[in-house]
Amino acid sequence: MWTAETRPRYERKGLRYPSDLTDAEWALIAPLIPPAKHGGRHREVDVREILSGIFYVAATGCQWRALPKDLPPRSTVHEYLMLWAWDGTLQRIHDRLVAETRLRAGRARHPSLAIIDSQSVRGAEKGGRASIRRAMTRQRRSGARSATSSSTRSA
103 MWTAETRPRY ERKGLRYPSD LTDAEWALIA PLIPPAKHGG RHREVDVREI
153 LSGIFYVAAT GCQWRALPKD LPPRSTVHEY LMLWAWDGTL QRIHDRLVAE
203 TRLRAGRARH PSLAIIDSQS VRGAEKGGRA SIRRAMTRQR RSGARSATSS
253 STRSA
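Quick note: the sequence shown uses the numbering used here, first residue 103, plus one each step.
Structure below.
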């Protein structure tokens, strides 16, 4: 709820883009970013700018090629996004932000109760997401016939 007390906290004035990270937001996320690998070339890109690029695309829904020129190159931002999705960094960031939000709301860090509606239960009974894909896509069949050769005689 917007109040005189909360409005300044969430004000995005002074940022280049509304999707950019404030210093307080960066302080929460920075420890979760994996360090650069040992050996090889040093990391030349600012990881905070990479996150700003990812958040810009997520917030605006723009195409990668429409990423502003003052952010890192789109290929670099996309590569980091794919790497962090693969190694679990994005999931760790998500979990940390959810936990912090719950704590600030005066609730426990982790939920103690889950509500599942009947639609979710029906989907889980059939196998959930994995079975939906099989049911929604047509089965592909080989053009070649599957048959045993009759050119050899059995003795």
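Even glycine gets a Cβ: it sits at the ideal position worked out from N, Cα and C.
*Anyone know if the C-beta pair for TYR182 and TYR119 falls short of 8 Å?*
no
*Report, in whole angstroms, the separation of the C-beta atoms of PRO136 and THR191, which I expect to be a contact under 8 Å.*
6 Å
*Does the distance from the C-beta atom of ILE152 to that of VAL179 stay below 8 Å?*
yes
*Give the straight-line distance between the Cα atoms of SER214 and ILE156, rounded to the nearest whole angstrom.*
31 Å
*Considering THR162, what are the terminal residues of the alpha helix (DSSP H) in which it resides?*
149-162
*Just reading off the alpha helix (DSSP H) that HIS196 is part of, what are its end residues?*
191-206
*Specify the secondary structure class of PRO120 as computed by DSSP and reduced to three states.*
coil
_As assigned by DSSP and simplified to three states, the class of LYS115_ = DSSP places LYS115 in the coil class of the three-state scheme, outside both helix and strand.
*What residue range is occupied by the uninterrupted alpha helix (DSSP H) comprising ASP125?*
125-131
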